[in-house]
Amino acid sequence: MPNPKLLTVVALGSLGVGTAVLVDLLLALYENRLPSLSISDGLSAVAVWLIGLNILLVVWWPPLLQPNRLQLVQRSTGLVLLVITLLASLHVVSLWPQPWLVELRMLQVNTPILRPLALLGLGLSVWGLGGTPQWQIILSQGGAIAGGSLLLLELLDVTYRLPQEVGTLGSLISGSLLWLLSVHLLQLRPHRGLMRYLMSPTAGGILLRQFLPWVIVGPIVIGWTVEYLHHDSQLINGTVAQDIQVLSTILFFISLLAVGAHRLNQLEQERQSFYRAYTEIEQIFRSSIFLSPFPMALVAEDGQLWLVNRAWQEETGYRPSEITTWQQWLSVTFPQPEVHRWADAEFRRPFVTAERVEHGDVQVHTNWREVRIWNMVSIPLKLSTSNQLLALITAVDVTENRQMTQELETHKSELEAQVAARTLDLVAVNAELQASEEKLNQLLDRADAFVSQISIAADGSWHYEYLSQGHLRILGYSPHEFQQNKDLWRSRIPDDDWEAYHRPFHETLLAHGSAHTEYRFRHREGHIIWISLNASSDPQADGSHLITYVGVDISQRKKAILALAESEARFRQMADSSTLMIWLSDELGNITFANQTILSFLQVSFESVEGWQWLEFVHPDDQQRVEVAIRDAMQQQHSYEIEYRVHSPKEGYRWILEQAKPRYDDDGNFIGYVGSAIDITTLKLGEAKLRSAAWQDSLTGLPNRTFLTDKIEGLLEAYHRGAIPPFAVMFLDLDRFKVVNDSLGHAAGDELLLEIAHRLRSVLRQQDTLGRLGGDEFIAIIENIEGVDELYECGDRLRFRVSEPYLLKHTEVSVGVSIGIAIVTPSYHSAGELLRDADIAMYAAKSRGRNCMQLFQPDRHQMAHTLLQREQEFRRALQQNQLEVFYQPIVELATQKLLGFEVLLRWRHPEAGWITPAEFLPLATALGLAQKVDEWVLLKAVATLHQWHKELGAAATSLTLSINISDAFFASGQMADRLKQLLQTYGICGHQIILEITEQVIMENADFARRQLEDLSAIQVRCSIDDFGTGYSSLSRLSQLPLYALKIDQSFVRAMSAGSQHLEIIRAILSLAQAIDIEVIAEGIEHHEQQEQLLQLGCRRGQGFLFSPPVTAQMAQSFISRKYCAPEVSVNTTDARPAMYWDQSGSVGHDDTPR
């Protein structure tokens, strides 16, 4: 159907023209004059009016007429038009001057008869306009086509005669309107009857629409042209005109056929192109079906299963190879006979009706013996390539939805019961509301607000419906005064407020139904008050509006707002003058205020930080952390404190500390945050320095004990998780570092530690960690080890690199390093355990002779535990005087004359008995007590010598006491001063004291040793080298030192025999001593054969069990009285130990090792 608006315009225009003509006819009859138009045009005007009326009724009939009444009107109009046709025909015949039958027979082209015939066709068209049978529709459309064609011929003829016959203008207008109405009558049913073929999209319909106008108009135009050339211009005679017309018409139709053939060929090409596109679309359609997430199947009318998509197969569990026909699928999915019959009939419905069928919910049995509920729909399809009807069946699994629906249904009854109960409650509440309404009116009169109702009529007049007593309390005027004077309200509002607030307020109220405004009102007493006015408008059935006003005095609130504005201004001034960066945000975290300190710090305007834009200034590494922390705090409405870096154009990235607290309004609602920030860059730099000091060694810059412990703890955790392979800890302790530090000074010691740290670091791999525990102790953490050999190779590199010479203060020195290794095992659970075992292994390495390496063994732990226990016991031994001094005589070998004693130290353990110096002296050295022990022994020895002087007199003045001194005491440089003090205290001459020192302490620093020996010589104290031959003394250095004697180690004496290597060593020592004029004393002499051999070699002095074991001071005093050291009982030549020395409690010890 065409555009209803266009049809309406055409119909109304036709009614207007027809009405004008009818009015003219009536006026002509009334005035007894001829009408302005001819009778034919007048009848045509009536037809135009009737047809226009029918078109208007067809377009707008639903609200006006019922269908049967509309059809009655159309039939009546058709009959009227037939009567008009008859009248028009009679009028035409009456104009013929001869009998009309003869004129009709002789007529060639008679224009006047075209109008009645056209009216006949239009009458038939209107008569059949509302019919439903096919023949009525064809009759209606045929009449419209015939009438339109005849009117077109008439219009062409009228147009041809228009310049000569001005009176044809009315015919032209009426004919045009009738032709336009005939065209619109055809369009009322465009898809039925003849119009179905004319509007068909097929090739025939297209050619018919395109060539039908030419078939009609072409011959007419040719005839018109020939008529003009023959009658008007008289350029050709009648015979030539007739030949030209016939020939032109034939050529026209031949040309029309050629154009039609060409157009038909184009349509065929378009059809083939469309078929190819259709084929591609069909493939896409099949792919879309197969890949659809919903189960879909394509079933033929004969039961063939053309296609089931992937979703269908997955939902049912059946493959196409298992189910080939639709009946098979129905059999497996609907196993019950009655359900199967229903399904068979149900799914045939789309083939019977050829329309879309909704099957609703269907229970389907799957291959997994489950019952699913599918909502299924069948859509019939008619393919152009097949005469067979197809059905596209789609399904949606609604099992879960239906189960939920069923659960909802179970609750429906409960809800209905609750609704019923609630209804009863509402009835009771309604009664209460009615009572409350009465109370409300009373409350309104006493409320702190005024309420009024105004009724505004459609014409703009108004009156008060209700005024509360609040008007009197708030405004000063009673409701009665407002009722009496309608202009009272307007007169009390300032003009500025009326124009700015009140007039827009009423416009908004009438447009939207509600409004709010605030303005000033002059009180009866003359002062101004602020009014907050809310209003609502309710339209009434009579077109009026009932407006309800509620007003409140807000004068105090306005004063508070003004005060708040002043307070905000003061806040901004204070915030901008503060050194803190102060800001405000809303509940979403958007920055709404930033003081000038922030803007100056960032050198931006407020628009650059508004909202969340300030994040752009945060360091990229901190942005996500800061945003997440702030948003988390906002969600919980908690205060927060966070540190992060912000970019300042002047100084780059700076650290700031931001603190923020939530803000709340007067009702306790969260409205955002207030926060401040301060530059803490200086503090951060200080923290970094402190952190570096906490984790690094201040001298070497290496990781310290804290860092190493944390590192090992982390590695242990990863190792126990299986994340890393085994690793090892190396404990490195420098050998002879104390000597260098004491002799060259602490500055040189620090320089040495720095160089050693550099060397150690250069040897280790990049993945390994080197740290310093303190003093001369280092730790190396070796990761990713593959075997013990790898650790030994690493240890060798470290030892060789450290042992290379150093140049300190123009002095070349050498140190070594002892290394203990502990490899991680599952039994380790803390860093302390690993460091402890590495330390134990290091001490084991030192005990092997220094500059060694030792891998920790499990039994070492027990040894270390025993050693620790011994250390504690040794400390108590010093406190409880468990140490005792013994004296072993030194004699002339030839005469056994007593020359002096070697002072020896023993430990009387309360449980273990006597403990030799070989066991407890390392404890004293490790505990740093060696010097204290030496001082105690010197004190006891000098005091004993003083006692002998008192008791024995001159017999004791020629004796000497040889006292062993530890390396630590010698290296301390305090030995000479301490000894000088003792000698002066007890009045002992220095030549009676001989100090025994080791080769090592001399060779470590010869210059220092020389100065020490010279200081001792100054107080007449002599020195001898103990255990000579076991060290690596330099002969040239020995000759330069003020030494008194060399003591041959007892290992050489015990192994001495004729022709042995040790005998030759003793011979060489004696020759050396004789060459540099130094005495020689042999230790460990136990047999006469050893005494004789030493005498033969030239050795004059000695000591050992042959002469006496170590004895107490009292027994030594008896030896002094005899001046000779000879046993009081006979002695076996094979064992010179005195029998009297042994008793039931055990021996003092057969060990000549010093102390």
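In the UniProt record's numbering, the protein residues as written are 1 to 1155.
Idealized CB from N, CA, C, for every residue including glycine.
Roughly how many whole angstroms lie between the Cα atoms of residue i and residue j?
i                 : j                  : result
glutamate 499     : tryptophan 489     : 14 Å
glutamate 414     : aspartate 425      : 16 Å
tryptophan 342    : glutamate 409      : 27 Å
aspartate 459     : leucine 533        : 25 Å
proline 1127      : alanine 1073       : Residue placement at proline 1127 is poorly supported in this model, since its pLDDT is 44, which falls under 50; the coordinates are not used for a value here.
glutamine 896     : isoleucine 890     : 9 Å
isoleucine 554    : glutamine 613      : 39 Å
isoleucine 528    : aspartate 448      : 17 Å
phenylalanine 800 : glycine 816        : 9 Å
serine 514        : alanine 417        : 39 Å
leucine 114       : leucine 153        : 8 Å
alanine 457       : valine 23          : 42 Å
glutamate 713     : glutamate 786      : 21 Å
phenylalanine 707 : asparagine 741     : 26 Å
threonine 916     : leucine 683        : 60 Å
glutamine 1050    : leucine 905        : 18 Å
isoleucine 1025   : leucine 834        : 41 Å
serine 1071       : asparagine 1005    : 26 Å
tyrosine 1044     : phenylalanine 1008 : 18 Å
valine 9          : serine 255         : 39 Å
alanine 1113      : methionine 1003    : 34 Å
tryptophan 530    : arginine 625       : 50 Å
alanine 300       : proline 116        : 57 Å
glutamate 627     : glutamine 659      : 14 Å
Considering Cα atoms alone, identify which of the options is closest to residue i.
i             : options                           : result
leucine 291   : Asn309, Val815 and Tyr519         : Asn309
leucine 491   : Arg524, Leu716, Ala144 and Trp936 : Residue 491 is actually serine in this sequence, not leucine. Ranking the options by Cα distance to serine 491, first place goes to Arg524.
tryptophan 49 : Leu716, Leu26 and Leu81           : Leu81
tyrosine 640  : Val46, Arg663, Leu510 and Ser962  : Arg663
glutamine 767 : Glu777, Ile781 and Arg759         : Ile781
leucine 72    : Leu1070, Thr8, Gly128 and Lys940  : Gly128
glycine 543   : Leu510, Ala565, Ala535 and Arg522 : Leu510
Which one or two residues does DSSP pair with residue i in a beta bridge?
i              : result
glutamate 358  : Val377
cysteine 1023  : Leu995
glycine 551    : Phe450 and Leu533
asparagine 964 : Glu996
glycine 749    : Note: glycine 749 sits in no beta bridge, so no partner.
leucine 811    : Inspection of the sequence shows that residue 811 is occupied by threonine rather than by leucine. Answer is Leu808, bridged to threonine 811.
If the criterion is Cβ atoms closer than 8 Å, does the pair residue i and residue j meet it?
i                 : j                 : result
residue 1218      : threonine 597     : For residue 1218 there is no data in the structure shown, the boundaries of the chain being 1 and 1155.
alanine 831       : phenylalanine 731 : no
serine 818        : asparagine 784    : no
lysine 809        : alanine 757       : no
histidine 359     : serine 331        : no
isoleucine 821    : alanine 955       : no
threonine 960     : glutamine 992     : yes
isoleucine 474    : glutamate 465     : no
glutamine 181     : glycine 52        : Glutamine is not the amino acid found at residue 181; the sequence shown has leucine there. A contact, by the Cβ cut-off of 8 Å.
alanine 118       : leucine 87        : no
arginine 721      : valine 763        : no
valine 1053       : glutamate 1089    : no
phenylalanine 969 : alanine 930       : yes
isoleucine 965    : leucine 923       : no
leucine 389       : methionine 296    : no
arginine 520      : proline 494       : yes
residue 1158      : isoleucine 1048   : Residue 1158 cannot be examined here, being either before or after the span of the chain that is shown, 1 to 1155.
isoleucine 753    : arginine 761      : With the sequence shown as reference, residue 753 is identified as leucine, and isoleucine is not the correct amino acid for it. Taking 8 Å as the Cβ cut-off, leucine 753 and arginine 761 do not qualify as a contacting pair.
Q.
Tell me whether the stretch 724–738 and the stretch 665–681 touch, counting them as touching only if at least three CB pairs, one residue from each stretch, are closer than 8 Å.
A. Of all C-beta pairs linking the stretch 724–738 to the stretch 665–681, fewer than three are shorter than 8 Å, placing the two stretches out of contact.
Q | Contact the stretch 302–316 vs the stretch 351–358: 3+ CB pairs below 8 Å | A | The stretch 351–358 and the stretch 302–316 do not touch, with fewer than three beta-carbon pairs separated by less than 8 Å.
Q.
Below 8 Å, how does it come out for the stretch 875–891 and the stretch 937–946: are there three or more Cβ pairs, yes or no?
A. At 8 Å Cβ cutoff, the stretches touch.
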